[in-house]
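Written below as structure tokens is the structure these notes are about.
Number of protein chains: 2
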Amino acid sequence: MLERHEIEAFLAVAEELHFGRAAERLRVSTARISQTIRKLERRVGVPLFNRTSRRVELSSVGRRFEEDLRPAWDRVGDALTRAVETGRGFAGTLRVCFTGAAGGQLLVGVTELFRERHPECSVEIREAQMAELMPWLRDGVVDLALATFPVDEPSIVSGPVLVSEARLLAVPVGHRFAARDALSIEDLAGVTLLGLPDTLPESLRADRTPTVTPSGRTIRHGRSAATFQEMLTMVGAGEGVFTVGASVRRYYTRPDVAYVPLHDAPPLQWGLLWRADSATARVRGFNEAARELASTP
Amino acid sequence: MLERHEIEAFLAVAEELHFGRAAERLRVSTARISQTIRKLERRVGVPLFNRTSRRVELSSVGRRFEEDLRPAWDRVGDALTRAVETGRGFAGTLRVCFTGAAGGQLLVGVTELFRERHPECSVEIREAQMAELMPWLRDGVVDLALATFPVDEPSIVSGPVLVSEARLLAVPVGHRFAARDALSIEDLAGVTLLGLPDTLPESLRADRTPTVTPSGRTIRHGRSAATFQEMLTMVGAGEGVFTVGASVRRYYTRPDVAYVPLHDAPPLQWGLLWRADSATARVRGFNEAARELASTP
DNA sequence: ACGATCGTGAAGTCACGGTTAACGATCCGG
DNA sequence: CCGGATCGTTAACCGTGACTTCACGATCGT
């Protein structure tokens, strides 16, 4: 029987008529698409695409295969969507998680508003460690996550920005930067930046741990931390520095870490994330509440 | 999106209403079914089955999910079947492989008859090494394989028995058995039996390399060989013995190996194998030719 | 109360879905 | 007609998650 990745590879190539673009859309390498299509063709016994290195077109068998397969596969998707929809009406539980810092605080307000409107839906709020965020979303452990942007992942949707806050640099108290009133991004060229867990999206890691300053000077990278507390401990121990949002000043005051404003850094943006195929009534409702709360301070 | 194994696990449990039987049908462990269903339920957000350790029944969401999913998934299967059918009309190529010994000889006759009837279909015959047999069938490298029975694999179909031949024991020429006129299966208790590649089906390996004699005495097992020639070389080198069909006397005569009849062993049976989802017109036609040739010697 | 049956959870293993890199073919502009 | 650009294919290697095994607790019948 056909594997999901075979079906999606075939349908993507059939639509794009281009291995490279199909690969890009599915977020895999072109080589993988080529291998998958070839295996499929060996099983079917005849080429599904007539192709040179310059042109790709459906063969007659391929065209018929697409006509049969696409609606069938769409219906499989619909079956899941409907199950998720009905399985998650407003009656039930909405599971939301947040990471570190200001997350929890913001959620309290949103949850209050949401509960008021949908008293039949119970809301569970949990803290996720940085490394757990994406796995939890992917595996359905939670329906929504409050996190920092940008998150550019396939099948994960980002809501609007709910909160923007200034960026600070967390440095050891003894560090030469600790006494400064403000720092520039350019100053990062002189320090070691601690890393984020590699389960986090590449887009987010690129934003929080850039490799070069705007003027092109390279930024050194240090070890990665799995949790936010771990990160601060490493900063306190002098292993490196890290950019954080202004709210950590209220929630993570420590004797060994100082927070210095990065005056020319763009603000740190927070918002909700959810699985594209779990955009249920509850999720939409919670988003609505969050948006309103953010727009009417 | 849903993975193939998730879809099949859900549909199997929905039909059997029993994790154990569903697992058995899909040839996986019960634990795997349990894990898969649980993950599915976390994504949907609500149980698909109401279950205790004694009873399993579909929840309302589960019932609806099955109603939507089963026809959709069936249509995916149909799409593949049709592609395979049309991709493999009589016009085209039929790829057949055989393993060792008498295989090739038998196929010559069948192929002649098949070509006579379907001159528009070209036939390619290749030898497969023992270890390659199942992978080739599974991956669609060949459409048909001539091999020894019993082959009890999911999604592989066995045709009727085409040839039966007496079993011989291949032993080193210097071995005490080499001079005997005949041996009994019970004699295997005193020797080391060489093994078959572990890509071959368990059913076949159990038949060719049993672990106990009929009377219950255990049979020692030795190393495994990947090819038939390798097997005979190991026999010649005194590493162990192996049961073969009578036809090897004609095709694999060697100075270092003697073949002694196993008078009380059931005959070795040969027949064709093919993928259940590749039972095309060509495959059926070749089978027909084979059956006729076998029944009218 | 006991054994039998069954689903679940944790821990460990390995096939296979995936990558990277080098390559050969096709087409285009100069 | 050549050099470069684009694209699909292939080989070799790698890490993850689909699997297994094992131990356990729950739920029946007798």
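Quick note, the sequences are listed as chains C and P, same order. Numbering (my numbering) for the first sequence: 1 to 297. Numbering (my numbering) for the second sequence: 1001 to 1297. Each residue gets a CB set at the ideal place from its N, CA and C atoms; glycine is no exception.
Hey, how far is the Cα of residue i from the Cα of residue j?
i           : j           : result
Val-61(C)   : Ala-1079(P) : 11 Å
Gly-195(C)  : Val-1028(P) : 40 Å
Pro-150(C)  : Ala-166(C)  : 16 Å
Val-1173(P) : Glu-1116(P) : 44 Å
Ala-294(C)  : Phe-114(C)  : 13 Å
Pro-135(C)  : Val-1044(P) : 16 Å
Ala-260(C)  : Ala-182(C)  : Checking the displayed sequence, the identity of residue 260(C) turns out to be Val instead of Ala. Going by the C-alpha atoms only, they are around 6 Å apart.
His-1263(P) : Thr-1243(P) : 12 Å
Ala-1012(P) : Leu-1026(P) : 8 Å
Val-1076(P) : Leu-69(C)   : 6 Å
Glu-1132(P) : Phe-1177(P) : 32 Å
Glu-1057(P) : Glu-15(C)   : 40 Å
Ala-206(C)  : Asp-198(C)  : 11 Å
Ala-1246(P) : Ala-1290(P) : 20 Å
Thr-1209(P) : His-1221(P) : 8 Å
Glu-1202(P) : His-5(C)    : 29 Å
Val-299(C)  : Asp-152(C)  : Residue 299(C) cannot be examined here, being either before or after the span of chain C that is shown, 1 to 297.
Val-1248(P) : Val-1241(P) : 14 Å
Gln-35(C)   : Thr-1093(P) : 22 Å
Arg-55(C)   : Ala-22(C)   : 14 Å
Leu-107(C)  : Ser-1155(P) : 51 Å
Arg-1126(P) : Ser-59(C)   : 27 Å
Met-1231(P) : Arg-1284(P) : 33 Å
By the three-class DSSP mapping on this structure, what secondary structure does residue i have?
i           : result
Glu-153(C)  : coil
Pro-1242(P) : It should be noted that the sequence gives Phe, not Pro, for residue 1242(P). Looking at Phe-1242(P) - three-state DSSP - the assignment turns out to be strand.
Ile-219(C)  : coil
Phe-10(C)   : helix
Val-56(C)   : strand
Asp-1098(P) : For clarity, residue 1098(P) is Phe in the given sequence; the question names Asp instead. Correct three-state label for Phe-1098(P): strand.
Glu-120(C)  : coil
Gly-1195(P) : strand
Val-163(C)  : strand
Arg-43(C)   : helix
Ser-1295(P) : helix
Thr-1081(P) : helix
Pro-1172(P) : strand
Ser-224(C)  : strand
Arg-1208(P) : helix
Arg-302(C)  : Residue numbering for chain C in the displayed model covers 1 to 297; residue 302(C) lies beyond these limits and cannot be assessed.
Val-142(C)  : coil
Tyr-259(C)  : strand
Leu-1069(P) : helix
Leu-1188(P) : helix
Would you mind telling me which residues of chain P sit closer than 7 Å to residue i, beta carbon to beta carbon, in chain order?
i         : result
Thr-86(C) : Val-1061, Arg-1064
Val-96(C) : Residues of chain P passing the Cβ test: none, with the nearest at roughly 13 Å.
Whose Cβ in chain C lies nearer than 9 Å to the Cβ of residue i?
i           : result
Trp-1274(P) : Within 9 Å Cβ-Cβ: nothing; Trp-1274(P) doesn't reach chain C, min ~12 Å.
Glu-1003(P) : Glu-3, Arg-4, His-5
Val-1056(P) : Result: empty, since nearest Cβ-Cβ is about 18 Å, beyond 9 Å.
For residue i, which residues in chain P fall below 8 Å Cβ to Cβ?
i          : result
Gly-238(C) : Those within 8 Å of Gly-238(C) in chain P number zero; the least Cβ separation is about 41 Å.
Arg-82(C)  : Arg-1064, Phe-1065, Asp-1068
Ala-79(C)  : Phe-1065, Asp-1068, Leu-1069, Ala-1072
Going by DSSP, name the residue or residues bridged to residue i.
i          : result
Leu-133(C) : Its beta-bridge partners do not exist; DSSP assigns none.
Thr-148(C) : Trp-270(C)
Asn-50(C)  : Glu-57(C)
List the residues of chain C whose Cβ lies closer than 7 Å to the Cβ of residue i, in chain order.
i           : result
Trp-1073(P) : Val-76
Val-1157(P) : Within chain C, no residue comes near Val-1157(P); the closest Cβ sits about 15 Å away, beyond 7 Å.
Run down chain C in chain order and give the residues with a C-beta less than 8 Å from the C-beta of residue i.
i           : result
Val-1141(P) : Arg-42
Gly-1285(P) : Going along chain C, no residue has its Cβ under 8 Å from Gly-1285(P), so there is no contact; the nearest lies around 14 Å.
Using 8 Å as the Cβ pair cut-off and three pairs as the minimum, do the segment 210-218 of chain C and the segment 170-186 of chain C touch?
Contact holds: three or more Cβ-Cβ distances are below 8 Å.
Taking contact to mean 3 or more Cβ pairs, one atom from each stretch, closer than 8 Å, check whether the segment 1140-1148 of chain P and the segment 1262-1280 of chain P are in contact. The answer is yes - the segment 1262-1280 of chain P touches the segment 1140-1148 of chain P, with three or more Cβ pairs under 8 Å.
Cβ pair count under 8 Å reaching 3, the segment 1190-1205 of chain P against the segment 1274-1290 of chain P:
no
For the structure I just gave you, are there three or more beta carbon pairs, one from the segment 1229-1237 of chain P and one from the segment 1247-1258 of chain P, closer than 8 Å? yes
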